[in-house]
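Colleague: Handing you a structure now.
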Amino acid sequence: MPQGNPIVDPFHPGPGKVFITGIQALVRLQLMQRQLDEKKGLKTAELVSGYRGSPLGAYDLQLWKASTKLKEHNVVFQPGLNEDLAATALWGAQMHRAYGDTTTDGVFGIWYGKGPGVDRTGDVFRTANVIRTSKLGGVLAIAGDDHSAQSSMYPHQTDGIFQAVSMPVIQPSDVEELMSLGLAGIALSRFCGLWVGFKVTAEVIETAATLHLSTLPEFVEPQDFALPPHGLGWDSTLAWPAQRAELERRLIEERLPAVRAWVRANRLDRGVWRTNSPRLAIVTTGKAHQDVLQALADLDLGSEELKTLGVSLYKVAVSWPLETIGLIDFIRGHERVLVFEEKRSCIELQLKDALFNEAGQFRPVIMGKMDGNGSALLPEVGEFTPAMIAQVLVAQLADRDPSLESRLVDLVRNRCASSKSGLPGRRPYFCSGCPHNTSTKVPEGSRSGGGIGCHVMALSQPELRTSTFSQMGGEGVQWVGAAPFSGIDHIFQNLGDGTYQHSGLLAIRAAVAAGTNITFKILYNDAVAMTGGQPAEGGPSPVSIARQLDAEGVRHIHLVSDDPKAWRKNNELPRGIEIVDRSELDAVQRKLRSIMGVTGIIYEQTCAAEKRRRRKKGTLSDPDLQVYINPRVCEGCGDCSKQSNCIAVEPLETPFGRKRAVNQSACNKDTSCTKGLCPSFVEVKGAKLKKPDKAQLAQLAVEMLASLPMPVVPPLAGNYNILCAGIGGTGVLTVGALLGAAAHVQGLAASVLDFTGLSPKNGSVLSQVRLARTEEEIHAVRIGAGTVDLLLAADLLVAAGEESQIRLSPHRTRGVVNLDAAPTADVIQNRDMIIEIDGLTLDLGRIDRVNQRDSSDTEELTVFNAGKRNIVLGQAKTSDEFVFGGGRYQWSPELATSYYYGGLDGIYKQHLVYLVHQLPLVAGQNLKSDLRFAHSSGEGGSNVDNDTFGALFTYKLGGHGFSVGYQHLSGRTGFAYVNGADNVLPNQVQINDFGNQEEHSWQVRYDYDFAALGVPGLTMMTRYLSGDNVDRGPGLSDGKTWERNTDLYYVIQSGLLKNFGIRLRNASTRSNFLSDMDESRLILSCSLALW
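When we follow our numbering, the leftmost residue of the sequence shown carries the number 63, and every step to the right adds one.
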């Protein structure tokens, strides 16, 4: 087992191995910077300010959690009201000396926000950057990019925004670089006087990883750069506006060149390895560096083999402005340079510019978004994957090593075919008891505008008539512009309390100024539930919002609450405000939509998820009420779902049809489901849900564990990948975190990447856990296509979704799957909705009589050839009931599995399992595998006891088909099936089925389709079968049989007799215990389309 010194506390000073999340690494970065300053004898402080948003949604929570430790290190956390005001505060901290005496030598700052927050802060970034940072200050602007819109309205990329305002851009590629490059970014900012952009993606920031804590770094100043006499930092002697041109000159001519010199001196951009026979130089940055390393590992290409192939690797940390001297020196002599960077080009374009004037013999071909011929190569949309990169690399290197093409084929073959599972998606939906279940409804004939927040999910619910959305803070202003040209008079506009405080109040002010007919619905939920339940900055309340709306000129303000009595005696509310119960929301909206001008509704109801948290913590009382539905009274009309829009009201299948039930585990006691006039609801007071006895559970766990054998753990070779798939809020992320932490404690290396999006709202969540012996063996935190070793499927629908399915492999993956299909949100709109599975065929039937081929009447059922198969029937010799049921599932075009149960009442019961797989080889060739197993047992006193295994493999080459098959029977009897029916044995042919006691048989077969010779409709088949080892009873030799079949078949393709078929069959069989037989058959058939 790998040895180490695992540390549990992510903020432990070290040294040693620590398991730390990306968010924790950012907090640790601040402590490390203070330690660096203290080591130099500097009395500095730090200001952290910004606005939350995925993938940085939990940053503020972690800062609050570490507040005691941060305070000890003179770190001030001041959440911003919005992103641009937070940046303005940090700008002020850089020039704190302008306000007089100070208490510190300097203040370094960290700004944070997601991509759209970077967009809106551009003006502050530009101005603060021109004014510059202080010598002992510096600002690191952390931007959370979401390249594939996992948790955003659309994909976004911040590089171009930072570049436009002349901010250097650093792109860390893993958790360790969040700290090492973060410290470098602050040092760079101090040196050059510029704010430094720090671009992070989910693969970096929403990851946990094992890493070694090293000593604090030392940074040096460049010796090849002459500092100007006035320095590079904030200069209070510059007069504005008189010297504003000087500010621009210093920015362009001094500070940006200083960036390149500092990056070069401190080797932030570096060669990972360089070949002595240069041909191809690979250049990477950020997340793309992970993907490239993983692609090389998937192709089994190590650095030494790559050097032999003439490949070098260079990693860029600062993507803009690019330090080109070191890069050009590295790539000199290479024929081609391939740049891997996600989204729009940055490095590629700068490198082309830098090489433009190079002499032709020294200028390599630069490839990236385009190849050397100007054709598209790497996509600008979406995200890179290791599989995508592997294909590009093989295309570049296959001429030097042809084996790479077969390695790529193996990669593709080992993953599951990309196909739709047929299962419905688990789309996000409002939580059980969510205020938005009611607050987002509008009266018939009205429509509403959406915005940023949980309520944006109204866009996916047509019945809520919400079809538009805006950027954060623009809610309602779209209607201000559209209203003069619209045929309708009025809309409602949803606006969350967090957005209202962020910037939404300005939108209301704009609507008032324009005199627009609109009703703003301020959805006051008392928490920012989407990112973890944080309070809205500044702590707005219904009272303060009402007073602000009144002062802004909003008319006819209504406070709608689930507890109106609590507000009616509040003297701080503005005069004239109407307080109503939430049950009257529809009437209030009908009234307001007929009033000219801007009107307002404050819908006050605490977030259901936050209520649940507070009840668990004991800070909020838990109502003494449980609501149930009596299924014997319920008519299954679905009105309770319509009234409540609540996901906790679920379908219940009963012998009397589909009813409804309240999921007590999910219910947040909103009780909106009881609004309808339904007698089936039962309200229980004074009772509590019974919880399991903890001591009894602990004892049961001990007993169960004692009875389990200790697993034999194989040695860990390479990566072991675990995919946890389930519904948000059910502990999937906790499982992933526990697995990663347990591996760390055991001395292994681990990484955990969580993809959540809107998973807290009943959506899909994936936790990707990767284990290895050393950190160096984990190149990318995202599990690649076809590389999952263990699937932990807490939810069937999520596990069968495309994001999960592409990572599975039919050859590698083992799964533990919860087969219970929890209802999706679709049952709310469609009371009769069921989870329909494309590719699944179910069969259920009952037979009570049979008509033999040589008889005109029907008779009761019995077993075929019972005596010769050593089957002894019990009291019942015949039966009047054969029941069967089962299904077939087409997992992909190549793979299908089946299970069936059949039982002849009073005689036998049978279980059948099938697997059919088609393996495409090359064009015109494939290999089909048909595997079958049957278990039969007696009933009613019969002695039926048989296990049968059969396999048939067919290789197709053009019109040819070559097959071999084997069938093995074991048990006290032969195979049992109903006389007069066909059975499922692969060796059942024209005369025999080779299904006798203990019989072993094989077959060879040849088919030909004459369509390959230009004669469609004509086919031919011939086969030979041989069986032996038949138990004929005491004192008798083993039974033996052989059979030969030939079949010629033609179907007329056109004309009056189209679809008319002629089949000629011939068969011969010889046996030492069955009858010898020769027979020929002529069969005429005709297919008619009836509908």
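Idealized CB from N, CA, C, for every residue including glycine.
1) Using the three-state DSSP reduction, which class does Cys708 fall into: helix, strand or coil?
2) Find the nearest neighbour of Ala728 within the set Lys673, Gln758 and Gly698, judged by alpha-carbon distance.
3) Residues in its own chain within less than 6 Å of Val138 by CB, not counting five upstream and five downstream?
4) Could you check the C-alpha separation between Leu751 and Val879 for me, to the nearest Å?
5) My parser needs the beta strand (DSSP E) runs of 3 or more residues fully inside the region 179-238; what are they?
6) Out of Leu371, Ala190 and Gly560, which has the shortest C-alpha to C-alpha gap to Gly171?
7) How many Å lie between Asp71 and Leu413 at the Cα?
8) Is it true that the region 456-470 meets the region 368-375, where meeting means three or more beta-carbon pairs spaced less than 8 Å apart?
9) I'd like to confirm the pairing. Which residues does DSSP put opposite Gln555 in its beta bridges?
10) Give me whichever residues DSSP pairs with Ile347 in a beta bridge.
11) Leaving out five residues before and five after Lys737 in sequence, what residues of the same chain have Cβ atoms less than 6 Å from its Cβ?
12) For Gly802, name the three-state secondary structure that DSSP assigns.
13) For the putative contact between Arg893 and Gly700, defined by C-beta atoms under 8 Å, what is the C-beta separation to the nearest angstrom?
14) Whose C-alpha, out of Gly430, Tyr1017, His218 and Tyr962, is nearest the C-alpha of Gly984?
15) Inspect the CB distances between the region 386-393 and the region 245-258 and report whether three or more fall short of 8 Å.
16) Can you check which of these residues, Ser656, Ile550, Val539 and Asn556, is closest to Val518 by C-alpha distance?
17) Do the region 264-279 and the region 234-244 touch if we need at least three Cβ pairs shorter than 8 Å?
18) Please give the ranges of any alpha helix (DSSP H) in the region 661-728, keeping only runs that are unbroken, at least 4 residues long and fully inside the region.
19) Using the Cβ count rule (16 or more neighbours within 10 Å means buried), how would you classify Gln65?
20) Check whether the Cβ atoms of Ile570 and Leu611 sit closer than 8 Å, and answer yes or no.
21) Since Asn499 is in the alpha helix (DSSP H), which residue starts that stretch and which ends it?
22) On the DSSP letters alone, give me the boundaries of the beta strand (DSSP E) that Ser954 sits inside.
23) Out of Gly1036, Phe492 and Gly348, point me to the one whose CA is closest to Pro234's CA.
24) With a cut-off of 8 Å on the beta carbons, I'd call Thr1103 and Ser1142 a contact; round off their distance for me.
25) So which of Asp905, Thr924, Leu906 and Gly907 has the shortest CA-CA distance to Asn913?
26) By the 10 Å Cβ neighbour count, where 16 or more other Cβ atoms means buried, how is Val443 classified, buried or exposed?
27) Give a yes or no on whether the C-beta atoms belonging to Gly965 and Leu904 are separated by under 8 Å.
28) Under the rule that 16 or more other beta-carbon atoms within 10 Å means buried, what is Ile382, buried or exposed?
29) Short check: CB of Asp360 to CB of Pro448, under 8 Å?
30) May I have the straight-line CA-CA distance separating Asp686 from Val89, to the nearest angstrom?
31) Give the DSSP bridge partners of His274, in chain order.
32) With DSSP run on the structure shown, which of helix, strand or coil describes His1030?
33) My parser needs the alpha helix (DSSP H) runs of 4 or more residues fully inside the region 352-431; what are they?
34) With a 10 Å radius around its C-beta and 16 neighbouring C-beta atoms as the bar for buried, classify Trp153 as buried or exposed.
35) What does a CB cutoff of less than 6 Å around His135 pick up in its chain, not counting 5 residues either side in sequence?
36) Measure the C-alpha to C-alpha separation of Thr164 and Leu342 and round it to an integer number of angstroms.
Modeller: Taking the geometry as given:
1) coil
2) Lys673
3) Leu109
4) 28 Å
5) 201-206
6) Ala190
7) 43 Å
8) Contact between the region 456-470 and the region 368-375 is established, with three or more Cβ pairs separated by less than 8 Å.
9) Gly511 and Phe582
10) The amino acid occupying residue 347 in the given sequence is Thr; Ile does not appear at that position. Thr347 is bridged to Val378.
11) Within the same chain, Lys737 has close Cβ partners Gln705.
12) Of the three classes helix, strand and coil, the one that applies to Gly802 here is helix, per DSSP.
13) 3 Å
14) The question names Gly, yet the displayed sequence has Val at residue 984. Of the candidates Gly430, Tyr1017, His218 and Tyr962, the one whose C-alpha sits nearest the C-alpha of Val984 is Tyr1017.
15) no
16) Asn556
17) yes
18) Segments of the alpha helix (DSSP H) lying fully in the region 661-728: 670-679 and 701-706.
19) Unreliable placement is indicated for Gln65, whose pLDDT of 45 sits below 50; the coordinate value is still reported in the next sentence. Looking at its Cβ environment, which holds fewer than 16 other Cβ atoms inside 10 Å, Gln65 is exposed.
20) yes
21) His498 to Ser501
22) Phe944 to Ser954
23) The residue with the shortest Cα to Cα distance from Pro234 is Gly348.
24) With 8 Å as the limit, Thr1103 and Ser1142 do not qualify as a contact, their Cβ atoms being about 20 Å apart.
25) Thr924
26) exposed
27) no
28) Just to set this straight, residue 382 is Trp in the shown sequence, not Ile. Trp382 should be labelled buried.
29) yes
30) 41 Å
31) Lys79
32) Assigned with DSSP and collapsed to three states, His1030 falls in strand.
33) With a minimum length of 4 residues, the continuous alpha helix (DSSP H) runs that stay inside the region 352-431 are 365-370, 386-393 and 409-417.
34) buried
35) Leu93 and Arg96
36) 54 Å
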